[in-house]
Amino acid sequence: MKEFLRNNAGKILFIVVALFVIFLGYSLYQAPVEGIENRFVYLLKTYGYIILFAWSILEGEAGLIMAGLLSHTGDMNMYMAIFIAGLGGFVGDQIYFYTGRFNKSYVHRKFKGQRRKFALAHILLQKYGWPIIFVQRYMYGMRTIIPISIGLTRYSAKTFAFINLISAWCWAAITIVPTWYFGEEILIVLKWLKEHWYYALPFALLIGGSIVYYFHVMTKKKEK
């Protein structure tokens, strides 16, 4: 069984994600409200903790912001949201770590075009040590690469798991608590953005483009 899990980790993760997406789609279809937006709100209020856990495994701050806003409106308990989101983030990075540890040939084949990022991740680990595990959640473009690249090394799995767990709970709290506290102001801003999306879109593209450009330049320098 252990060997089976090692050799089929990617397929198992894909099946779990597919089942989760099917579950969300079916739940949206069955929601007893009208309108797609109301259906999403109903889904979040009904299955909020389950969605938060899965979202934290697969993605990042969007799920935490959702949890903070639902905590502000009283549809979630803030402390429970932090606990569950942290566990989800922890599980996600553990999956990436063990993918690197037990499926090296798969990683080299699947991420062949990301060699510069893997090189940068190894350099960062050698230069900064364990703190890079703690802050990698905030390094857009490297959040998947770093735990996989650490798994490729001989780094202690127990040490990684411990730092990863503490980091995940801090990551969840740092986003959820401010969102909960400033919930009313954030809801007002979101309402404005919904009505004036054409103003927000250029800023989103600029920020996203800047992040991609930064990591492109950084990885190019490290490669040289």
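19 is the number of the first residue of the sequence shown in this note's numbering; add one for each residue after it. For glycine and all other residues, C-beta sits at the position ideal for the given N, C-alpha and C. The structure displayed is predicted, hence computed values, not measured ones.
Just mark W210 as buried or exposed, buried being the case when its beta carbon has 16 or more other beta carbons within 10 Å. exposed
In the DSSP assignment, the alpha helix (DSSP H) including A49 goes from what residue to what residue? First-last for A49: undefined, no H or E at that position.
D111, enclosing alpha helix (DSSP H) - first and last residue: M96 to F120
I need the straight-line Cα distance from V51 to L42, nearest angstrom please. 15 Å
Could you check if Y47 is buried or exposed, using at least 16 other CB atoms within 10 Å of its CB as the buried criterion? exposed
Quick one: using the 10 Å Cβ neighbour count with 16 as the cut-off for buried, is H126 buried or exposed? exposed
Neighbourhood of S123 by C-beta distance below 8 Å, restricted to the same chain and skipping five residues each side: none
So, is K135 buried or exposed, given that buried needs 16 or more other C-beta atoms within 10 angstroms? buried
Proximity winner among I102, M157, G169 and T91, relative to N121 (alpha-carbon distances): G169
Need the endpoints of the alpha helix (DSSP H) that S185 sits in, please. A175 to Y199
Return yes when the Cβ of I150 is within less than 8 Å of the Cβ of I164, no when it is not. yes
Ends of the alpha helix (DSSP H) at F136? R133 to Y146
Expressed to the nearest angstrom, what Euclidean distance is found between the alpha-carbon atoms of A85 and I206? 17 Å
So for F41, helix, strand or coil by DSSP? helix
Might you give, ordered along the chain, the residues of its own chain that have their beta carbon closer than 6 Å to the beta carbon of A191, omitting 5 neighbours on each side? I100
Exposure of T197, with buried meaning 16 or more beta-carbon neighbours within 10 Å: buried
For the alpha helix (DSSP H) containing M84, list its first residue and its last residue. E79 to H90
Would you identify the three-state DSSP class for R161, choosing helix, strand or coil? coil
Rounded C-beta distance between A72 and G118? I'm assuming under 8 Å. At roughly 22 Å, the Cβ-Cβ gap does not stay under 8 Å, so A72 and G118 are not in contact.
Residue range of the alpha helix (DSSP H) that F129 falls in? Counting along the chain, F129 falls outside any alpha helix (DSSP H), and DSSP gives it neither H nor E.
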